[in-house]
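Before any comments, here is the structure.
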Amino acid sequence: MLHEVKKFQQRLNLEKDFMVSYWDQRGCGIASRQDAKSVSLQQQLDDLRAVLHWLKNETGQTVIAFGISLGATLALQASEYERDSVRAVVAISPDAHTASSDAAVSSFLRAQSVIAKNRRLSPKLMKLGDPPYTTPAAFQLRASLLADLGGIERGKKFSALLRETLLGLIGTYGFLGMAKAMRNMNLIQRKLLPQLASLDLFTDPPRLLMPVHYIFGEQDPLIPAEIVKQLPEAITSPEKTVILISNAGHMVHFDQPEVVRSIFLSARHEK
1 MLHEVKKFQQ RLNLEKDFMV SYWDQRGCGI ASRQDAKSVS LQQQLDDLRA VLHWLKNETG
61 QTVIAFGISL GATLALQASE YERDSVRAVV AISPDAHTAS SDAAVSSFLR AQSVIAKNRR
121 LSPKLMKLGD PPYTTPAAFQ LRASLLADLG GIERGKKFSA LLRETLLGLI GTYGFLGMAK
181 AMRNMNLIQR KLLPQLASLD LFTDPPRLLM PVHYIFGEQD PLIPAEIVKQ LPEAITSPEK
241 TVILISNAGH MVHFDQPEVV RSIFLSARHE K
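Shown next as structure tokens:
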């Protein structure tokens, strides 16, 4: 997360109107190998709850919890328990049901292989195999295929995103820190991917007492249309908005930052 702060500031410029807090989750960045190996979904949730509680006590203000992908999932879950700390939730491309997401991605990749008649894509799909993807190698291969097809961040292939990530890590942690961060990424994926394979927010959906703003990218192959419709209906909240943004992939906040920023400006007046 910390290696992307500059990108967030340049694209969203939330600091102009908000006090913004960024942090690395347990095991990320230059954390110790032991911390990375100790990661679990439950620990990530508990840590986020602790951060939200601390921010409320430290600033005396309630928080707009902003999460992307799995971070959005954790923000929704944590906010159910930190009701006094969270004013609103902005959830971008939340992971909700891994099996449905995996099926949608597999269908998308097969269709792209046929449409594009891409000779390089077909053997990579054979190597990838069928879901679930519970190893870092398979997960990263799928991510590279989706990125090259415009499903992660529009207009950027995997090589460009990887280069951007490495430069961000070096700028934040230095060369040795970059190596530690990449090591930790693999360790965390090895721990979390088997747990994420059974993720299903619909079996026990959060019950929230604050507004929730769901934001999805129209070109995001990871979020099938039924999830866009069903997830906001399943999660209880007093007020909700659901926005499906065109010309945006999974990283909607980078593809269409002005739209996302406008949602934050509306959310700051919510109580």
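Okay, so the sequence shown: first residue is 1 according to full-length UniProt numbering, each after it adds one. Each residue gets a CB set at the ideal place from its N, CA and C atoms; glycine is no exception.
- About 15 Å separates the CB atoms of residue 229 and residue 212; that is not less than 8 Å, and the two are not in contact.
- Here residue 246 is exposed: its Cβ has fewer than 16 other Cβ atoms, across all protein chains shown, within 10 Å.
- Residue 224 and residue 104 do touch by the CB rule: their CB atoms are close to 4 Å apart, below 8 Å.
- Comparing C-alpha distances from residue 194 to each of 41, 231, 35 shows the shortest one belongs to 41.
- Secondary structure within the region 148 to 221: the alpha helix (DSSP H) runs of 4 or more consecutive residues, fully enclosed, are 158 to 196 (chain order).
- Exposed is the label assigned to residue 120, since fewer than 16 other Cβ atoms lie within 10 Å of its Cβ.
- Under DSSP, residue 86 shares a beta bridge with 63.
- For residue 240, the enclosing beta strand (DSSP E) begins and ends at 240 to 245.
- The DSSP-derived three-state label of residue 91 is strand.
- In the assembly as shown, residue 111 is an exposed residue. Its beta-carbon has fewer than 16 other beta-carbons within 10 Å.
- Residue 135 is not bridged by DSSP to any residue.
- The beta carbon of residue 125 sits closer than 8 Å to those of 109, 110, 113, 145, all from its chain and outside the five residues before and after it, given in chain order.
- Around residue 221, the same chain offers 104, 105, 108, 146, 151 as residues with beta carbons nearer than 7 Å, after the five sequence neighbours per side are excluded.
- Residue pairing by DSSP leaves residue 235 without any beta bridge partner.
- The beta-bridge partner set that DSSP reports for residue 97 consists of 200.
- Residue 202 and residue 234 do touch by the CB rule: their CB atoms are close to 5 Å apart, below 8 Å.
- Between the beta-carbon of residue 87 and that of residue 63 there is about 6 Å, and that keeps the pair under the 8 Å contact cut.
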